[in-house]
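In what follows, a structure is listed as structure tokens, so that the remarks can point back to it.
2 protein chains.
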Amino acid sequence: MFLLAAALLLLPGFAQGGAVWPLPLTVATGEKVLHLDVERFHFKAIGYESELLSEAFKRYEELIFDTPSHLAEEALRGGAPANTSALAGALGRSRHTRIKRLRVYVGSYDQSLNLQTDESYTLSIASPTSTLQATTVFGALRGLETFSQLAGVEEGVDEEHGQQGLAKHKKHKHKRHEKKKHKKKKRRRRRSDSAFLVRVASIWDAPRFAHRGLLLDTGRHFLPVSALKDTLDAMAWAKLNVLHWHLVDDQSFPYASEALSRLAAAGAFSPAHTYSLDDVRGVVAYARARGIRIVPEFDTPGHTASWGRGYPDLLTDCYNESGARTGAGPLDPTRNGTYGALWRLLREAAGVFPDAYVHLGGDEVDLACWESNPAIKQWMAQHNMRNVRALLSMFEERVLSLAATAGRSYIVWQEVLDNGVRLRNDAVVHLRRVTGKGYRTLLSSPWYLNLGGFATPDWEAYYGVEPTAFGGSSEQQQLIIGGEACMWGEFVDATNLIQQTWPRANAVAERLWSGKDIRDVDAARPRYAEHRCRMLARGLGARPDTGPGFCPQD
Amino acid sequence: MFLLAAALLLLPGFAQGGAVWPLPLTVATGEKVLHLDVERFHFKAIGYESELLSEAFKRYEELIFDTPSHLAEEALRGGAPANTSALAGALGRSRHTRIKRLRVYVGSYDQSLNLQTDESYTLSIASPTSTLQATTVFGALRGLETFSQLAGVEEGVDEEHGQQGLAKHKKHKHKRHEKKKHKKKKRRRRRSDSAFLVRVASIWDAPRFAHRGLLLDTGRHFLPVSALKDTLDAMAWAKLNVLHWHLVDDQSFPYASEALSRLAAAGAFSPAHTYSLDDVRGVVAYARARGIRIVPEFDTPGHTASWGRGYPDLLTDCYNESGARTGAGPLDPTRNGTYGALWRLLREAAGVFPDAYVHLGGDEVDLACWESNPAIKQWMAQHNMRNVRALLSMFEERVLSLAATAGRSYIVWQEVLDNGVRLRNDAVVHLRRVTGKGYRTLLSSPWYLNLGGFATPDWEAYYGVEPTAFGGSSEQQQLIIGGEACMWGEFVDATNLIQQTWPRANAVAERLWSGKDIRDVDAARPRYAEHRCRMLARGLGARPDTGPGFCPQD
Chain A
1 MFLLAAALLL LPGFAQGGAV WPLPLTVATG EKVLHLDVER FHFKAIGYES
51 ELLSEAFKRY EELIFDTPSH LAEEALRGGA PANTSALAGA LGRSRHTRIK
101 RLRVYVGSYD QSLNLQTDES YTLSIASPTS TLQATTVFGA LRGLETFSQL
151 AGVEEGVDEE HGQQGLAKHK KHKHKRHEKK KHKKKKRRRR RSDSAFLVRV
201 ASIWDAPRFA HRGLLLDTGR HFLPVSALKD TLDAMAWAKL NVLHWHLVDD
251 QSFPYASEAL SRLAAAGAFS PAHTYSLDDV RGVVAYARAR GIRIVPEFDT
301 PGHTASWGRG YPDLLTDCYN ESGARTGAGP LDPTRNGTYG ALWRLLREAA
351 GVFPDAYVHL GGDEVDLACW ESNPAIKQWM AQHNMRNVRA LLSMFEERVL
401 SLAATAGRSY IVWQEVLDNG VRLRNDAVVH LRRVTGKGYR TLLSSPWYLN
451 LGGFATPDWE AYYGVEPTAF GGSSEQQQLI IGGEACMWGE FVDATNLIQQ
501 TWPRANAVAE RLWSGKDIRD VDAARPRYAE HRCRMLARGL GARPDTGPGF
551 CPQD
Chain B
1 MFLLAAALLL LPGFAQGGAV WPLPLTVATG EKVLHLDVER FHFKAIGYES
51 ELLSEAFKRY EELIFDTPSH LAEEALRGGA PANTSALAGA LGRSRHTRIK
101 RLRVYVGSYD QSLNLQTDES YTLSIASPTS TLQATTVFGA LRGLETFSQL
151 AGVEEGVDEE HGQQGLAKHK KHKHKRHEKK KHKKKKRRRR RSDSAFLVRV
201 ASIWDAPRFA HRGLLLDTGR HFLPVSALKD TLDAMAWAKL NVLHWHLVDD
251 QSFPYASEAL SRLAAAGAFS PAHTYSLDDV RGVVAYARAR GIRIVPEFDT
301 PGHTASWGRG YPDLLTDCYN ESGARTGAGP LDPTRNGTYG ALWRLLREAA
351 GVFPDAYVHL GGDEVDLACW ESNPAIKQWM AQHNMRNVRA LLSMFEERVL
401 SLAATAGRSY IVWQEVLDNG VRLRNDAVVH LRRVTGKGYR TLLSSPWYLN
451 LGGFATPDWE AYYGVEPTAF GGSSEQQQLI IGGEACMWGE FVDATNLIQQ
501 TWPRANAVAE RLWSGKDIRD VDAARPRYAE HRCRMLARGL GARPDTGPGF
551 CPQD
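If you're matching them up, the sequences are chains A and B in order.
The opening residue of the first sequence carries number 1 in full-length UniProt numbering; numbering runs sequentially from there.
The opening residue of the second sequence carries number 1 in full-length UniProt numbering; numbering runs sequentially from there.
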């Protein structure tokens, strides 16, 4: 009865829809199509119950029943309009059974979200009983996402809300975070005029890598909380599980620390361009509800010009060859006040960001500035420090030790390692080039989304990357715990964040979730295009990335 | 009293604002700042009146009084928050006079909009009398745009609607074409809590080139009418005056011709992805109200695959070396039916598009397909035609003659000329590489916006182009009537059209409007950034293009 399929096939009766991104580890789909009973369908927790799960139920009911039908642009590529009569014919021949619920079993009450969290799940869609089983609630969230992607709107019965649905979608799109009160009414209307299908399927799924991240940069341009939440939604749809929040940089300090209040008061672009601690807590909670960790980055000792606007003493004065001051450089590693400030910042951050990890940067440090400063040179002589690399080592070791004291493990950019700094065993090294020296590593270098081109399907290159093919022994390869797509913010703000990040980050998401052998870009393209259309249906304006075509949500 | 300025200076008292893009031909600005009397200010037509003008008055009243303050991201680059106290101090020292109206004189009742339209204007902002004078109403539109850019909101008195204004702006942004009923109320509220300033200035302005265009491509992806209207707004703000509408292409035929109804019925992506003739007329009227011509393009004989879905006989069958049919190629130039269909299409289009010009494409024709077709070879032999280039010449000459019969001059891509086709004297050649052979020419090759990169400020390269430096004698250089920025649609649809087109098209706009000596990219950058913030204030999400920074409308 079941057919083991490497890629999910398009199913007759669907206005497309039903292909899953990222591709599950093993999928068996049957030929049968089941109707979701729109009047009565619900998710049903068996045994285990929690707010995380019940809120996810609500979210996925909305995604399934309140979004326009899924229709892949790829399928209609090259221009032929959909041959709906053939689909309708196929539909007529299949036997429908109504399913009224999906039973959800969660094995453990452990709700900790970290590198070790078990995200696996099994999903069986069959008549009369459909079940989702997972060890943790976060595995259940992944399974619900898969279920929502397997569901679609029946072709033909959906005519009434075609254009109307589109208008509704647009409203939905721009009011994603102020829409709650209309939901009930919409659901009822849809129920009466549409039929929802779901494939018969049996899936066992688990991620290949534990850390599947996206870096956003709020130091170069401010991103409003709504843009961060939109991004978290899109990440959850692609089963990405870490938002690496590059909070601050030379250009601005939007993180409104209360412990060091002048950092944002003087370092943000304006008072409107800041995140209060409550804003941050809200983003963290929104992410956790979607099984996404937030790893904050406070990049030091470089990339800190904005720190100096409120606290000039934190920075090193740089001098030119004739001894004239030329400006401010990295944090001053020789003053105790620097470490006092960092401690207050990190201790506070540990109360706001619950994740076990904090990213401490460590890249692109202007060592020449330290070298040019007479007071620093004097300090080094007093402390028998031969060169500024040793000074950097000392700084990093002190900062990393502060993080540890605040109860946090840390991630650092590769330069820290290159500069000979000793790291703790639980450190993670964020690679720009090659694998590290016995530490667990994250890969980002091939996935700098911000470097892409307007007219280039660069998602294909991202997709083709094999994380373990970046050199190193098999032991070193096993130290790769995942990777991150990076969207640096020099040319990105709320106007173009979604369009420039998506759908391209989806390519990285499948690379990090799906099996190593899933790498045929031609086979992936229709699913990739369909998932982009799905994002539009769900209200996010991901750009067209696979050449000419359309989605019904255009 | 007046200071002749090559670039407009930022004025004390303004929350920035007041720099004009594109830069006028001659500008003299004074140090004095005038208050717009928010209760009573209005535009006053003296003598000449028309609907075109009175509608423009309404539009510009809204733009001036209903948009958040202008604040250049560039000025605050590098991070220091605005030093508003210094501005306020400077303001305190300047003497304010309230102005209650701008008198608008238009010299001629001729409202024809074409290559010869006089777009010059003079604008004098002074106390007690401010005047705008222009030969044509379209010149007056350009002057109103300049006036609106010179105006700004006074720093400090605008606090009350800071965040509120932003929220309002967002709504405004996403409902640009369904917002009318809220206007009155908003204006009144603003009037009571803000002060609007305008610089004392004396400007004489006229464009350097008569044809300042933007190409949009609705063949590769459909663009909804609202996206076209948004684009037309942005064009008017930058004084661009031609929308080159690349309507149809291989991938789809969204133009719902009634004369040849199967073109769109079978050739569009879907029935929802079409423009009715009324849709088109609405876009044309919207453009004309902003002084923008619409030049439609029906690309022939290549790029016509979508035509063949409804009318297969129009296309040439292509064959491989063993004589097997391989697919459909360009229009069949040997069948009279081809010309009959083109005539019906062009005659109908002449009734929908009032512009004197139609663009007939002529690029990238697959001559090898014609050569492979036995029937075409036989026809060529019968007509003593030596090669397929001669066949192409014949086709082009017949099509161009049909356009002439329909009362239209034509523009063609350069390949047509390269293929030796004789053109009429009023033809315009759309250059991809070098100047032509005695015909008037348009330049596009350096301005393919769609080829840009996400993280590249490629507007600087666009800005640096000198149109007359593309070879040719001075006579040939004088034949350059302008140029077009091109946004080809392979990777662009409604999700990213605005962000990928703007603000970069503004660089081309200034190149084509302002004097030849205005080419210092560093001097242009703050104005360029300010105009981008102005676009945000007016509700269009142009992307950040000058590196890190912010607008208050972020």
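Glycine is no exception: its CB is placed at the ideal position from the N, C-alpha and C atoms.
Counted as a single uninterrupted DSSP element, the beta strand (DSSP E) harbouring residue 297 of chain B occupies residues 293–300. Taking a C-beta distance under 8 angstroms as the contact criterion, residue 29 of chain B and residue 200 of chain B qualify as a contact pair. Beyond the five residues adjoining it in sequence on each side, residue 427 of chain B comes within less than 8 angstroms, by CB distance, of 400, 409, 410, 411, 412, 439, 440 in the same chain, given in chain order.
Using a Cβ-Cβ distance cut-off of 8 angstroms, the stretch 364–371 of chain A and the stretch 321–330 of chain A are in contact, since at least three pairs of beta carbons, one from each stretch, lie closer than that value. Counting along the chain, residue 551 of chain A sits inside no alpha helix (DSSP H), nor does DSSP assign it H or E at all. Your pair residue 141 of chain A and residue 290 of chain A checks out as a contact, with CB atoms roughly 7 angstroms apart and the cut at 8 angstroms. Under the DSSP assignment, residue 137 of chain B falls in the alpha helix (DSSP H) whose first and last residues are 137–150. For the stretch 534–553 of chain B, the beta-carbon criterion of a distance under 8 angstroms to any beta-carbon of chain A is satisfied by 536, 541, 542, 543, 544, 545, 547, 548, 549, 550, 552. Burial is judged here by how many other beta carbons sit within 10 angstroms of a residue's own beta carbon; residue 483 of chain B has at least 16 and is buried. One Cα belongs to residue 455 of chain B, the other to residue 198 of chain B, and the distance between them is close to 35 angstroms. Relative to the Cα of residue 392 of chain A, the nearest Cα in the group A:382, A:250, A:365 belongs to A:365. Linking residue 221 of chain B to residue 459 of chain B through their CA atoms gives a straight-line distance of about 24 angstroms.
Less than 8 angstroms separates the beta-carbon of residue 223 of chain A from that of residue 494 of chain A. Contacts with chain A at 8 angstroms (Cβ-Cβ) do not include residue 303 of chain B. Looking at B:465, B:243, B:239, B:209, the one whose alpha-carbon comes closest to that of residue 218 of chain B is B:243. Here residue 395 of chain B carries a helix assignment [DSSP, helix/strand/coil]. In the three-state reduction of the DSSP assignment, residue 487 of chain B falls in the strand class, which pools E and B. Residue 64 of chain B and residue 42 of chain B have their C-alpha atoms roughly 11 angstroms apart. For residue 480 of chain B, the three-state secondary structure derived from DSSP is strand.
In this structure residue 208 of chain B is not in contact with residue 21 of chain B, their Cβ atoms being roughly 15 angstroms apart against a cut-off of 8 angstroms. Taking 7 angstroms as the Cβ-Cβ cut-off, the stretch 432–459 of chain B approaches chain A at 450, 451, 452, 453, 454, 455, given in chain order.
Residue state for residue 303 of chain A is assigned as coil, using DSSP reduced to three classes.
Collapsing the DSSP output to three states places residue 438 of chain B in coil. According to the DSSP secondary-structure assignment, residue 121 of chain B is paired through a beta bridge with B:134, B:205.
Ranked by Cα distance from residue 356 of chain A, the first of A:39, A:211, A:120 is A:211. Taking the Cα of residue 487 of chain A as reference, the smallest distance to any Cα among A:499, A:480, A:479, A:476 is reached at A:499. Nearest neighbour of residue 215 of chain B by Cα position, chosen from B:521, B:502, B:524, turns out to be B:502. With respect to the 8 angstroms criterion, residue 230 of chain B and residue 146 of chain B are not classified as neighbours on the basis of their beta carbons. For the options B:532, B:279, B:354, B:249, the alpha carbon positioned closest to that of residue 550 of chain B is the one of B:532. Nearest C-alpha to residue 296 of chain B among B:416, B:359, B:116, B:125: B:359.
Among the residues of the stretch 204–220 of chain B, those with a Cβ less than 7 angstroms away from any Cβ of chain A are 220, in the order of the chain.
Your pair residue 36 of chain B and residue 106 of chain B does not check out as a contact, with CB atoms roughly 22 angstroms apart and the cut at 8 angstroms. Taken through DSSP and simplified to helix, strand or coil, residue 374 of chain B comes out as helix.
If you check each beta-carbon in the stretch 473–494 of chain A against every beta-carbon of chain B, the ones closer than 8 angstroms belong to 488, 489, 490, 491, 492, 493, 494.
Rounded to the nearest whole angstrom, the C-alpha separation of residue 307 of chain A and residue 334 of chain A is 17 angstroms.
The beta carbon of residue 529 of chain A does not come within 8 angstroms of any beta carbon belonging to chain B, so the residue lies off that interface.
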